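First up is the structure itself, then whatever we jot down about it.
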Amino acid sequence: MGKKDYSQVQDFVFVCTGDDCKPDSKSLQKAFKDSLERSGFKKSVKIIKTKCTGRCKEAPVAIIKGEWLGELRPSDADRLVRKHFLSTDKQ
Ligand code: FES
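Counting in the working numbering, the sequence shown runs from 2 upward without gaps.
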């Protein structure tokens, strides 16, 4: 297997895979992956799996642009991708 090319990566979605998040983590990763691909971010936004991020009570958890997002469902992915990567409103 060759080296992966991350030269176009500009941002990340961190998805927790710790014990409390694990049951929902795979479906969440898939939802983010599909949403990023549909939105044209397949190469520029990378999904990173993390260990426990310390907010287990809010599981499943992801972090995007420094914002902790908890109690996520796969159906949240499109909204979050739009909000964090497609929004022209740079607050
Ligand atoms: S297991 Fe995900 S925040 Fe702890």
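Yeah, the Cβ is synthetic: ideal placement off N, Cα and C, and Gly gets one too. All figures in this text were calculated on a predicted structure; none of them were measured in a lab.
| Check | Outcome |
| --- | --- |
| Where Gln92 falls, given that 16 or more other Cβ within 10 Å makes a residue buried | Caution is warranted here: a pLDDT of 45 is assigned to Gln92, below 50, making its placement in the model unreliable, and the coordinate value is therefore given only provisionally. With fewer than 16 other Cβ atoms within 10 Å, it is exposed. |
| Ala63 beta carbon less than 8 Å from that of Val16 | yes |
| Minimum length 3: unbroken beta strand (DSSP E) runs contained in the stretch 39-65 | 46-51 and 63-65 |
| Cβ-based burial, Leu87 [other Cβ within 10 Å; buried from 16] | exposed |
| Residue environment, Pro24, which counts as buried when at least 16 other CB atoms sit within 10 Å | exposed |
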